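Input: a single structure, listed below in structure tokens.
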Amino acid sequence: KSLLVKAHGIISTTGTPNFSMAVTANTTQGTYNSSGILATTAATAKGSGETNVPCELEVIITCATTGGSGTFLADGIWKVYPTGTSLIAARCSSSTANPNTALTLSTESAYYVELAGTWSASSSSNAVQVYNLAVLGLN
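Quick note: the sequence shown, position 127, residue 416 per our numbering, numbers continuous.
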């Protein structure tokens, strides 16, 4: 079984912070679970003073094995469009290895699939707003 996670929104920055985007699995809604990161990007440099720049995420997450030590493989892409003619893209996957390595997570619990972002610098001007989020079951 697989999930397709798609999100669209905007990102704004001050200075030139790095940003990491992740898809997480949490047993409690709205609670970040560092052990449940299904897919993440590396820290990606953002431009200075960007305001309401379009961004999108697309990740396919596949359950490879089930049980108390289930495994999940994920791969996708995080895109930011700072201007009408430029693109910043980053791989969003279950590991930075190539080939990809799996995340181990029990399939015997129910999870909320959520997005999480991490900034390298704290500022109220560094923000991401998601307008559309879809989590679709495949297979």
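Even for Gly, the Cβ is constructed at its ideal location relative to N, Cα and C. From a predicted model like this one, the values you see are computed outputs, not experimental measurements.
- By the neighbour-count criterion, in which 16 or more other beta carbons inside 10 Å mark a residue as buried, Thr329 falls on the buried side.
- Within the same chain, Cβ atoms closer than 8 Å to the Cβ of Asp364 are found at Ala328, Val348, Ile349, Arg380, Cys381, Ser382, Ser383, Asn389, the five residues on either side in sequence being excluded.
- Judged by beta-carbon spacing, Ser301 lies within the 8 Å limit of Ala416, meaning their Cβ atoms are closer than that value.
- Linking Ala296 to Ser337 through their CA atoms gives a straight-line distance of about 23 Å.
- Per DSSP, Gly426 is one residue of the beta strand (DSSP E) stretching across 416 to 427.
- In the structure shown, the three-state DSSP call for Ser309 is strand.
- In the three-state reduction of the DSSP assignment, Gly325 falls in the helix class, which pools H, G and I.
- Taken atom to atom, the span from the alpha-carbon of Thr393 to that of Ala410 is near 30 Å.
- Contact between the stretch 395 to 403 and the stretch 354 to 370 is present: 3 or more CB-CB pairs across the two stretches fall below 8 Å.
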